[in-house]
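Residue numbers (this note's numbering): 3 to 72. Built from N, CA and C at the ideal position, the CB exists for glycine as well. Working notes for the structure below.
This is the structure:
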């Protein structure tokens, strides 16, 4: 599991906990850089359970770090 913090001019979510780990997120970002995919689909656990789609090109800043509670 990992935590995300997303920021752009229209959206600021402080803490999003997702099921994927940082390695998976890094792989997805690498695939975006290569042009293999356009966005990431993550399963959000907190603050509510839902699927989220993230297009890093639309966000000013994306921070993520591992959940140390595993």
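Pairwise C-alpha distance: residue j and residue i
i: residue 49; j: residue 5; result: 11 Å
i: residue 56; j: residue 70; result: 23 Å
i: residue 53; j: residue 35; result: 22 Å
i: residue 1; j: residue 67; result: Residue 1 is absent from the model: the chain starts at 3 and stops at 72.
For residue j and residue i, believed in contact at Cβ under 8 Å, the rounded distance
i: residue 20; j: residue 64; result: About 12 Å; that fails the 8 Å criterion.
Nonlocal neighbours in the same chain, by C-beta distance under 8 Å from residue i, ignoring five residues either side
i: residue 62; result: 9, 10, 11
i: residue 24; result: 4, 66, 67, 68
Option nearest residue i by Cα separation, candidates the options
i: residue 17; options: 7, 40, 25; result: 7
6 Å Cβ shell around residue i - same chain, five flanking residues per side excluded
i: residue 39; result: 33
i: residue 44; result: 20, 22, 54
Close Cβ partners of residue i (< 7 Å) along its chain, the five nearest in sequence each way excluded
i: residue 58; result: 31, 34, 64
i: residue 41; result: 55, 56, 57
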